[in-house]
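Novice: Chains as they are written, first to last, in my numbering: chain A, 1 to 98; chain B, 1 to 98.
Protein chains: 2
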Amino acid sequence: MLSILAEGESYGYAIIQRVRELSAEEIQWTDGMLYPVLHRLERDELITAEWRQAESGRERKYYRLTTKGRSSLKEEKANWLTVHNTLGKLWNLQPVST
Amino acid sequence: MLSILAEGESYGYAIIQRVRELSAEEIQWTDGMLYPVLHRLERDELITAEWRQAESGRERKYYRLTTKGRSSLKEEKANWLTVHNTLGKLWNLQPVST
DNA sequence: TTGCAATACATAGCTTCGCAATGCATCAAT
DNA sequence: ATTGATGCATTGCGAAGCTATGTATTGCAA
């Protein structure tokens with residue numbers, strides 16, 4: 001979620017589509033699992049939300065990373081790579097530099 | 001856990017040390033989080049347990065993968081790589097082939 | 001113009017998981 | 001004899017995962 005928002009602000013429905021697209025349809029988040037996560041991230045001040053009218057005229061809730069969110073992402077990414085490289089040793093994968 | 005046991009049978013304490021070693025000390029599992037996981041995997045029949053005496057003369061509980069565990073690992077590994085490659089697109093990493 | 005699919009957000013609630021805390025026993029070395 | 005490392009186990013709380021469900025709007029086709 002944080003990595004998606006690091007590309008730029010977005011909103012619920014678009015995030016689902018983006019993940020779907022990036023994963024070649026393999027990851028299909030539902031809105032029911034998306035919004036609770038967004039609310040939690042907002043509560044933890046990793047993202048901020050703003051209602052705004054899209055060009056379509058429709059009201060949407062746009063989310064963007066906060067500074068705290070950016071540093072959390074950095075940390076989470078490092079953690080991911082640590083785990084990935086550990087698994088990589090068991091799976092004979094090329095290590096990924098942090 | 002499944003990947004560790006795919007290397008061959010092992011037991012709780014050794015698994016913790018193996019993960020620690022593979023991760024260059026970065027991942028430090030505690031026994032309190034390890035055993036519940038082992039018990040769950042055993043309940044789900046992904047691993048089997050057997051008390052046996054080590055050469056040291058000490059009783060240890062050795063775990064090994066079942067066939068079901070092996071196929072679960074295969075599935076989990078594919079899932080991991082899907083997520084990793086999706087994140088990789090956002091992080092500009094080289095894709096890892098399944 | 002009506003009805004359906006897609007867009008858009010939200011919450012309730014059950015199940016499972018993550019993890020720390022705690023307990024206990026054995027073994028080796030000092 | 002005591003300490004630190006080895007070795008397994010359970011309890012329990014808070015957090016997370018995910019399904020089900022509710023509501024409203026928009027756009028398009030029948």
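Even for Gly, the Cβ is constructed at its ideal location relative to N, Cα and C.
#1: Take the Cβ of TYR63/A as the centre, count every other Cβ of all protein chains shown within 10 Å, and call the residue buried at 16 or more, exposed below.
#2: Residues in its own chain within less than 7 Å of ARG20/A by CB, not counting five upstream and five downstream?
#3: Excluding the five sequence neighbours on either side, which residues of its own chain have a C-beta within less than 7 Å of the C-beta of LEU2/B, listed in chain order?
#4: Say whether the stretch 48-62 of chain B touches the stretch 7-16 of chain B, bearing in mind that this needs 3 or more beta-carbon pairs closer than 8 Å, one atom from each stretch.
#5: Give the list of continuous beta strand (DSSP E) stretches no shorter than 3 residues that lie fully inside the stretch 19-70 of chain A.
#6: Using a C-beta cutoff of 8 Å, does HIS39/B count as contacting chain A?
#7: To the nearest whole angstrom, what separates the beta carbons of LEU93/B and VAL96/A, a pair I think is in contact under 8 Å?
#8: TYR11/B bridges to which residues according to DSSP?
#9: Alpha carbon to alpha carbon, how far is ARG43/B from TRP91/A?
#10: Suppose the cutoff is 7 Å on Cβ atoms and the five residues either side in sequence are ignored; what does the same chain contact list for THR98/A look like?
#11: Are there 16 or more other CB atoms within 10 angstroms of the CB of THR30/B, so buried, or fewer, so exposed?
#12: Can you give me the Cβ contacts of LEU41/A inside the same chain, cut-off strictly under 6 Å, excluding the 5 residues immediately before and after it?
#13: Return helix, strand or coil for ASN85/A, following the three-state DSSP convention.
#14: Quick check on THR67/A: buried or exposed, where buried means 16 or more other Cβ atoms within 10 Å of its Cβ?
#15: Determine whether the Cβ of SER3/A lies closer than 8 Å to any Cβ atom of chain B.
#16: Which chain A residues are close to LYS74/B, counting only those with a beta carbon under 8 Å from its beta carbon?
#17: Considering only the alpha carbon of each residue, which of GLN17/A, ILE16/A and SER23/A lies closest to GLY88/B?
Specialist: This is what the structure gives:
#1: buried
#2: ILE27 and GLN28
#3: LEU46, LEU65, GLY69, SER72, LEU73 and GLU76
#4: yes
#5: 47-53 and 59-65
#6: no
#7: 6 Å
#8: TYR62/B
#9: 26 Å
#10: ALA78 and LEU81
#11: exposed
#12: ILE47
#13: helix
#14: exposed
#15: yes
#16: Ordered by position in chain A, no residue passes the 8 Å Cβ test against LYS74/B, which lies about 11 Å from the chain.
#17: SER23/A
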